[in-house]
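Those letters in the sequence shown? Residues 184 to 456, by our numbering.
No residue lacks a Cβ here, since even glycine has one placed at the ideal position from N, Cα and C.
The block underneath contains the structure these notes are about, expressed in structure tokens.
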Amino acid sequence: MDLKMKPTNMKLAVIVFFAAVFVSCTRYVVITEQKFTSQTANIGPNVFLTTFSYENSPYPPVLLVDPVFINKKVLYLGDKSGLIGVLNGNGFSVWLLHFEDYKSLNLKEAGENLIPDVIARIQKVTGQKEYILGGVSLGGQAILHSFKAKKIPDISKAFFLGTGMDYKYNDSFIEQMKAEKRFGTDLSVSCKNKDSFCKRFISFDEDDPTILFVYQNLFNYLPTLEENPKAWEPFESTNFPSLFIGGRIDNVSPTESIHPTYKRKKGKKSIGK
184 MDLKMKPTNM KLAVIVFFAA VFVSCTRYVV ITEQKFTSQT ANIGPNVFLT TFSYENSPYP
244 PVLLVDPVFI NKKVLYLGDK SGLIGVLNGN GFSVWLLHFE DYKSLNLKEA GENLIPDVIA
304 RIQKVTGQKE YILGGVSLGG QAILHSFKAK KIPDISKAFF LGTGMDYKYN DSFIEQMKAE
364 KRFGTDLSVS CKNKDSFCKR FISFDEDDPT ILFVYQNLFN YLPTLEENPK AWEPFESTNF
424 PSLFIGGRID NVSPTESIHP TYKRKKGKKS IGK
């Protein structure tokens with residue numbers, strides 16, 4: 184970790200890192216719909232924005248993008264629990280952009296059109312020009328598409344938690360699952376016998392964050408992924424501070440999938456796992 188990072192940068196890096204560790208080993212906590220519903224606005228067809236405000240926050244607002252690949256409710260496990268809870272409990276206002284139906288989700292379109300619109304909305308509401316972008320799992324790819332389209336100015340810093348930037352590395356998770364013919368199958372049927380794979384990854388309870396993946400999202404409706412790491416050159420040429428954390432829990436996006444982009448990224452940067 185770059186010890187020359189500003190205090191705000193360092194605090195964000197430490198918070199995200201330890202929140203990531205916590206998420207990877209948390210025990211079951213029931214998340215009711217009440218918290219999300221009361222703080223969620225439907226801002227478009229199948230597009231929702233949930234706000235976790237911190238009054239008079241001294242930091243830029245944080246925009247997180249739906250992880251898609253995992254149960255988004257694992258991000259908030261109550262006050263100071265889960266990534267959102269930890270960030271919010273430490274003085275950050277957090278906005279979660281998310282979806283309910285993943286069948287027609289296009290990460291490229293979300294990055295090029297939706298994310299810039301949401302950023303403009305947050306800037307208008309908060310009166311702050313700068314903001315922090317956080318990509319969790321596939322949400323990070325949507326953010327990278329925003330950089331590719333060059334539509335997101337005024338960014339303060341960014342972090343990526345378990346975001347794969349190169350899915351073509353040797354023995355990748357994606358390739359393993361294609362070989363097992365798990366993609367595009369109805370896992371509600373094939374996982375009835377609860378083999379070791381299903382026990383590890385598949386949850387039939389959308390409010391159970393102990394098993395991070397929700398079967399409807401993981402295989403049946405996997406969005407098209409950008410598999411060419413050279414596509415992220417516009418992001419790599421930016422100079423704002425960036426934090427990269429590998430997806431250690433599932434091996435979907437370990438440091439092997441991140442390192443090429445991390446190595447080329449300009450500006451201050453840190454990497455962890």
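Exercise for the section: Return the chain-ordered list of same chain residues with a C-beta closer than 7 Å to the C-beta of LYS263, the five sequence neighbours on each side being excluded. Expected result: Closer than 7 Å at the Cβ level, and outside the excluded window around LYS263, lie VAL269 and GLY272.
Handout entry: Paired residues, beta bridge with HIS281 - DSSP
Key = When DSSP reads this structure, HIS281 sits in a beta bridge with PHE231.
Handout entry: Proximal residues to PRO412 (C-beta, below 7 Å), its chain only, five neighbours per side dropped
Key = The answer, listed in chain order, is MET348, ASP349, PRO443 and THR444.
Problem - One or two residues paired with ASN225 in a DSSP bridge - result: Beta-bridge pairing links ASN225 to PHE231.
Practice task
Name the residue from LYS333, GLY323 and LEU288 whose alpha carbon lies nearest to the alpha carbon of ALA341.
Solution key: Nearest of LYS333, GLY323 and LEU288 to ALA341, Cα basis: GLY323.
Exercise for the section: From the DSSP output, read off the bridge partner residues of ALA341. Expected result: Residue pairing from DSSP places ALA341 in a beta bridge opposite LEU316 and SER425.
Practice task
Could you spell out the range, first to last residue, of the beta strand (DSSP E) harbouring LYS452?
Solution key: Unbroken beta strand (DSSP E) run through LYS452: 452 to 455.
Problem - Cβ neighbours of LYS449 in the same chain (closer than 8 Å, five flanking residues each side left out) - result: The answer, listed in chain order, is GLU419, SER420, THR421 and ASN422.
Problem - Secondary structure of LEU270, DSSP reduced to three states - result: If DSSP states are grouped into helix, strand and coil, LEU270 belongs with the helices.
Handout entry: Check whether GLY265 and TYR237 have beta carbons under 7 Å apart
Key = For the 7 Å CB-CB criterion, GLY265 and TYR237 do not form a contact.
Exercise for the section: Measure the CB-CB distance between ALA325 and GLY294 and report whether it falls below 7 Å. Expected result: Yes, they are a contact pair.
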